[in-house]
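For the sequence shown, position 157 matches number 167 in my numbering, and the numbering has no gaps at all.
These notes concern the structure reproduced below.
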Amino acid sequence: MLDVVKKQLENFHKNQPEFHQAVQEVFEDIHDFYTDHEIYERFAIAERMIEPDRIIQFRVTWVDDSGNVQVNRGWRVQFNNAIGAYKGGLRFHPSVNESILKFLGFEQCFKNALTGMPMGGGKGGSDFDPKGKSDLEVMRFCHAFMEELHRHIGPNIDVPAGDINVGTREIGYMFGHYLKVENQFQGVITGKGPNFGGSCGRTEATGYGCIYFLEEMLNAHDQKLKGKRVIISGAGNVALHAAEKAIAEDAKVLCLSDSKGLLYFKDGLSDKDLKEIKVIKTQNHGALKDFKGTAGEYKSGAEPWDIECDIALPCATQNEVDDKEAKKLVKNGVLAIAEGANMPLTAKAQDIVMKAGVIYGPAKAANAGGVAVSGLERTQNAEMRSWPLQRVDQELREIMKDIHKRSIEHIERNKEGVYNYRKGANITSFKKIADTLVAYGVK
Ligand code: NDP
Ligand code: 2IT
11 MLDVVKKQLE NFHKNQPEFH QAVQEVFEDI HDFYTDHEIY ERFAIAERMI EPDRIIQFRV
71 TWVDDSGNVQ VNRGWRVQFN NAIGAYKGGL RFHPSVNESI LKFLGFEQCF KNALTGMPMG
131 GGKGGSDFDP KGKSDLEVMR FCHAFMEELH RHIGPNIDVP AGDINVGTRE IGYMFGHYLK
191 VENQFQGVIT GKGPNFGGSC GRTEATGYGC IYFLEEMLNA HDQKLKGKRV IISGAGNVAL
251 HAAEKAIAED AKVLCLSDSK GLLYFKDGLS DKDLKEIKVI KTQNHGALKD FKGTAGEYKS
311 GAEPWDIECD IALPCATQNE VDDKEAKKLV KNGVLAIAEG ANMPLTAKAQ DIVMKAGVIY
371 GPAKAANAGG VAVSGLERTQ NAEMRSWPLQ RVDQELREIM KDIHKRSIEH IERNKEGVYN
431 YRKGANITSF KKIADTLVAY GVK
């Protein structure tokens, strides 16, 4: 990694391990490319890229069902808007802190560049825990959160969307409150319901896009998804739709998981069982252990990584696959991994799978389908039209194909014939942002 980056992280971003991890990965991959281009050093591109444009932190005060006043912290990290307005999700989870939001915002800059769309990077959220909260409590929290956020966002400034624990319900509450306080009906947030400007297919886009990218990777290595055994972690927006599309492509989905345990389907998850799980997780905000079907075996506290499989799709959260789990996957002969979640493999886990010749699709490429369809939602909002699902899905497929092409533009296959997509994606997206910063001069 570049020395200057190392120093800056140590001096100004202390005790932020997730942010360090994301930055280190990018600057290790682009090291040679960077030093080959003297202008980047002259324009201090590395130093400028790892410093967020601004971080807004605010208090969120709301009243729970018992009448008690509750206080949470809210953030919006506006990381870099060189190639377009800040764009990225909002996460509500007790683990949310500045390190996690900076890692997510930093990653988002590169992911968004890779989509080919004019979108900068941002991320936000709160340490609010929606688990066990009533619908009215979630609504009051979302309204209070937007009460502050509205003054920092706009269709050409910053356009948030969903992430962990922020789905159609929460976006509805937040957009509704934006409309109330600003009195402007505009595309200021994506992932909206289809009745009020949301794009068809946005809910499915991250999971479907992950499968489309996986298929591109498999094709490039003379492999097919049909008939493959797939393990999936998570049972949220990304995991459920990745499972749905994998089943549609005739793969065998062996499991899903949530923060409490694992549901294992020896003979493969069926469409019917997936529908029931969707109701449990997305409508009832329940747990996998509530699943009543007889085909699935519930294992409390278990994770997917020691199940024998051909394909692994980590779709829950950051650092959910560590070095030991990566070794298990390799030992069991995993062929490919596509990251539905953001940074689900630790740095060591990534090294292990790449060295073992596993086809590895990094998050910024594999899960970019969600933000890409958010981009399409902005386009539809700007032209005041709604496209049919078929058009959105076709565009998503094309975008994922293009992301695959861009991810191999600056790299060759290794001697085993496998692409290092991580390095390829990092160089392509870095180049786009860096060259733009150079074009602007010093600002
Ligand atoms: P959801 O909230 O819909 O689902 C998250 C799932 O992961 C849930 O099943 C949850 O379990 C599980 N989970 C979350 N945190 C943990 C944890 N600390 N330990 C164990 N399990 C956990 O979120 P999404 O599906 O939207 O997001 C999943 C991942 O995908 C995140 O990394 C997100 O950043 C990334 N992503 C999301 C996009 C989107 O469009 N939504 C786009 C691109 C990436 P439980 O149900 O028990 O809480
Ligand atoms: O991590 C991500 O790409 C998201 N949570 C989606 C961001 C978006 O703006 O749709």
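Yeah, the Cβ is synthetic: ideal placement off N, Cα and C, and Gly gets one too.
Small disclaimer: the values here were computed from a predicted structure and weren't measured.
Length of the line joining the Cα atoms of residue 311 and residue 80: 30 Å
Environment of residue 304 [buried if 16+ CB atoms lie within 10 Å]: exposed
Integer-rounded CB distance, given that residue 359 should sit under 8 Å from residue 336: 4 Å
Residue 359 CB to nearest heavy atom of the ligand NDP below 7 Å: no
Beta-carbon spacing of residue 28, residue 109 below 8 Å: yes
Distance between beta carbons of residue 220 and residue 123, contact taken as under 8 Å: The pair is not a contact, with the Cβ atoms about 18 Å apart (cut-off 8 Å).
Endpoints, the alpha helix (DSSP H) within which residue 183 is located: 178 to 192
Closer than 7 Å: residue 377 CB and nearest the ligand 2IT heavy atom: yes
Residue 247 CB to nearest heavy atom of the ligand NDP below 7 Å: yes
Contacts around residue 84, its chain only, beta-carbon distance under 6 Å, and the 5 residues preceding and following it disregarded: 68, 70, 136 and 155
Three-way DSSP call (helix, strand, coil) for residue 71 in this model: strand
Coil, strand or helix - residue 359 by DSSP: helix
Secondary structure of residue 309, DSSP reduced to three states: strand
Backbone CA spacing between residue 152 and residue 133 [nearest angstrom]: 16 Å
Test item: CB-CB of residue 203 and residue 99 under 8 Å: no
Counted within 10 angstroms of its Cβ, other Cβ atoms place residue 45 as buried (16 or more) or exposed: exposed
Backbone secondary structure at residue 348 - three-state DSSP: strand
Counterpart residues of residue 267 in DSSP-defined beta bridges: 272
Residue 186 CB to nearest heavy atom of the ligand NDP below 7 Å: no
Own chain, CB closer than 6 Å to residue 180, minus 5 neighbours either side, in chain order: 152
Test item: CB-CB of residue 241 and residue 252 under 8 Å: no
Cβ pair count under 8 Å reaching 3, the segment 207 to 214 against the segment 269 to 287: no
Closest Cα partner of residue 324 within the set 338, 351 and 308: 351
Exposure of residue 453, with buried meaning 16 or more beta-carbon neighbours within 10 Å: exposed
Span of the alpha helix (DSSP H), counted from its first residue to its last, around residue 400: 399 to 417
Length of the line joining the Cα atoms of residue 437 and residue 143: 43 Å
Range covered by the beta strand (DSSP E) that runs through residue 324: 321 to 324
Span of the beta strand (DSSP E), counted from its first residue to its last, around residue 281: Run containing residue 281: none in the beta strand (DSSP E); it sits in the alpha helix (DSSP H), 281 to 288.
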